[in-house]
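**Student:**
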Amino acid sequence: MIPRFPLINLSIDAELYRKNSSEWFNSLNNLPEDTLLFIISKNYAHFTDLHSKTHLQLVPVYSALRDGSNFSRNTDLAQINQSGNLISPYYCPNNPKVVSLIKNDFESLHEASPIAGILLDSLEIPFQPPIIGCFCAYCSTLAEEKGINLSQISHEITRKMKNGVNWNWVTKNYPEWLQFRVDSISNLAGKLMITIRKLEPNIFLGMTVPFSYTPEMFGHDYFFLSLYLDLLNFSVNENILGSKKKLLKQIRAVAKKFIGEYRIFLQMKVPHELNVSEIKMGINTLKKNSFDGLIFHVSTLNELKKIIKIGVLG
Ligand SMILES: [Zn+2]
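The working numbering numbers the first residue of the sequence shown as 36 and each following residue consecutively.
(1) Within 10 Å of its beta-carbon, does T243 have 16 or more other beta-carbons around it, so buried, or fewer, so exposed?
(2) Can you give, in chain order, each stretch of the alpha helix (DSSP H) that sits fully within the region 255–339 and has at least 4 residues?
(3) Checking 8 Å against the spacing of the C-beta atoms, do S351 and V333 come in under that value?
(4) Quick check on G295: buried or exposed, where buried means 16 or more other Cβ atoms within 10 Å of its Cβ?
(5) In whole angstroms, what is the alpha-carbon distance linking I37 and R298?
(6) So for Q187, helix, strand or coil by DSSP?
(7) Taking only the alpha-carbon atoms, compute the straight-line gap between I314 and L264 and give it to the nearest angstrom.
(8) Inspect the beta-carbon positions of V96 and L144 and report whether they are closer than 8 Å.
(9) How is the beta strand (DSSP E) around D69 delimited, first residue to last?
(10) Give every residue of the same chain whose Cβ lies closer than 8 Å to the Cβ of M252, excluding the five residues on either side of it in the sequence, and list them in chain order.
(11) Does the beta-carbon of Y125, which I'm using as the reference point, lie nearer than 7 Å to any heavy atom of ligand 1?
(12) For R194 and C174, what's the separation of their Cα atoms in angstroms?
(13) For N268, count neighbouring C-beta atoms within 10 Å of its own C-beta (all shown protein chains included) and say buried if the count is 16 or more, exposed if not.
(14) For ligand 1, is there any heavy atom lying closer than 7 Å to the beta carbon of N129?
(15) Check for me: the beta strand (DSSP E) holding S98 runs from which residue to which?
(16) Give the secondary structure of G199 by DSSP, where H, G and I count as helix, E and B as strand, and everything else as coil.
(17) On the DSSP bridge assignment, give the partners of M242 in chain order.
(18) Hey, how far is the Cα of I330 from the Cα of S62?
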């Protein structure tokens, strides 16, 4: 059973609060106790610190496939590109060592301090030529079982790459490979869900996805991700609380097709152009559209204070 989440939640980069921590803690403690605080940090000590000084529900934001974490990492986890080279910033979703590594990190996070959930980030295979996907031995074997010849595809793509590979060309020529990329991400999400349930049934597992009209470009299938995970968090760059309601409707239209139990969040920056009552009006629209919550990414104390006004008065 997935819990009901508060409507207004926050995301912060842990490095920020540390510069002025007592003021941040004072402000954070003005928020309702069940508010989820999503924390971008590579350091377990931040979670312990935030747990001892705030009453909020902590949720580490965990970078799943992108390097840059100081959780122990190895190059033998990296994606291999079409020319056989390492794609250094990304890990392969089909590499079994990746699952064990993430499992270990989940365990460490769970032990470090009480957490309400974990929010996965960068669980994706981006299509950003020349980075387009993984052609490692694990992927090749798995693809072969489905009748997909990855080495042939990598040859043709490398040849084509000289003149630029575009999305339409790939969609037309290699739909089965694009499906393979998407399935790789969905399957990993499913495995991680099982991992977290075994570890601690009360910790929810969510995932942030950049909302896109072509989610397969990231290896995403929103339907399966919502089916496997507790929470799908669509991050948007536009101010959807203001006049740009079109995007909101489009996300809603996608989410209406989901089945089973799931929660849908939206994530955005604190809108500077709107005042507190305008933001509250926008949030009411979200509620009417049956979104389960909103995550405001807060970068400054002033932004935090603005959210507190909404949270406390709301
Ligand atoms: Zn691979």
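Glycine included, each C-beta is placed from N, C-alpha and C at the ideal position.
It should be emphasised that the depicted structure is a prediction, and the values quoted were computed from it without experimental measurement.
**Tutor:** If we stick to the structure as given:
(1) Under this definition T243 is a buried residue.
(2) Counting whole runs of 4 or more residues, the region 255–339 contains the alpha helix (DSSP H) stretches 257–263, 280–290, 311–323.
(3) Any property of residue 351 remains undetermined from this structure, which presents the chain solely from 36 to 349.
(4) That one is exposed.
(5) Across the structure, I37 and R298 are spaced so that their CA atoms are roughly 8 Å apart.
(6) Q187 falls in the helix class under three-state DSSP.
(7) Whole-angstrom Cα-Cα distance: 29 Å.
(8) Their beta carbons are not under 8 Å apart, which means V96 does not touch L144 by this criterion.
(9) In this chain, D69 is not harboured by any beta strand (DSSP E), its DSSP state being neither H nor E.
(10) Taken in chain order, the residues that qualify are P161, F162, W202.
(11) Outside the cutoff, so no.
(12) C-alpha separation (whole angstroms): 20 Å.
(13) Here N268 is buried. Its C-beta has 16 or more other C-beta atoms within 10 Å.
(14) Flag set: Cβ of N129 near ligand 1.
(15) Element bounds for S98: 92–98.
(16) Judged by DSSP in its simplified three-state form, G199 adopts coil rather than helix or strand.
(17) L155, L267.
(18) So the two alpha carbons sit approximately 17 Å from each other.
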